[in-house]
Structures are given as C-alpha cells and as structure tokens.
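Q:
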Amino acid sequence: MRSIYHQRTAATGKEVAADVIATLHTCPIPEVARLGRTLRAWRAQVLAYFDTDGVSNGGTEAINLHIKKPRRLAHGIRTFDHYRLRILLAASGNRPWRLNHA
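In the working numbering, the protein residues as written are 59 to 160.
1. Have a look at A72 and I62 and give me their C-alpha separation to the nearest angstrom.
2. Please return the same chain residues whose Cβ sits closer than 6 Å to the Cβ of R182, not counting the five positions on each side in sequence.
3. Starting from Q103, trace the alpha helix (DSSP H) both ways and give me its first and last residue.
4. Please confirm whether R98 and A75 have their CB atoms less than 9 Å apart.
5. Per DSSP, what kind of secondary structure is S114 in: helix, strand or coil?
6. Using only the alpha-carbon positions, how far apart do K126 and L146 sit?
7. So, using beta-carbon positions, are D109 and A148 closer together than 9 Å?
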C-alpha cells in the first residue's frame, strides 16, 4: 500500500492505486477484504492525492489535536481566558503542569 505513494509520476501512482483498490476486496482475509471495500467506497478521495500533488489536511489535524487534547484535560478551568492560555501553552510545547521530576 505505501509503495503506491512512492511512485515517480502521478499517473503511475494512480494506476497502481486503482489496481490495488480493485483487487483488495477479493482477498480471502476478512480484514483485508474489508479494507478493500472501504478503499473502493472512498476511491475518488484516495486517488485525489495524486491530483493535488500530495497535499493533505495533516497540518489542520495537528492543530485540532493541540486544541482538543488540553480541552480533555481542562476540567476545572473556569474561564475562557484561562482555557485559551492553556491551549496556547500546549501548542507551544510548554507544559508547566507536567513537571519532570528526574
């Protein structure tokens, strides 16, 4: 699967990906067959990787993680300003509430 994304040209990558997507759903291993059905259902989105020059929303998802993780830990923060500061601290990598007692 990962070799699909390492093809030299987008056309070759798309061709290899389409072949893999077309054959996975017939695999006798149930988990692989299910992956094949999922990829077949999302075929257009998977192949869009090659049309967009490999652009992804990974950066956006990373920022969302930086926002959601402190939110899960934010029980007890009473004001939005304190919550906002906690998110900014977490995003900067500075986590004073995690003391390292080495």
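We put the CB at the ideal spot given by N, CA and C, even for glycine.
A quick note: this is a predicted structure, and the numbers were derived from the prediction, not measured.
A: Walking through what the data contain:
1. Per the sequence presented here, residue 72 reads as Lys, with Ala not at that position. Taking the straight line from one Cα to the other gives about 8 Å.
2. In the structure as shown, the chain starts at 59 and stops at 160, and residue 182 therefore has no counterpart that could be examined.
3. That run of the alpha helix (DSSP H) goes R101 to D109.
4. It is not a contact, given that the beta carbons lie outside the stated cut-off.
5. Note: S114 maps to coil in three-state DSSP.
6. Those two C-alpha atoms are separated by around 12 Å.
7. In this structure, A148 does not lie closer than 9 Å to D109 by Cβ.
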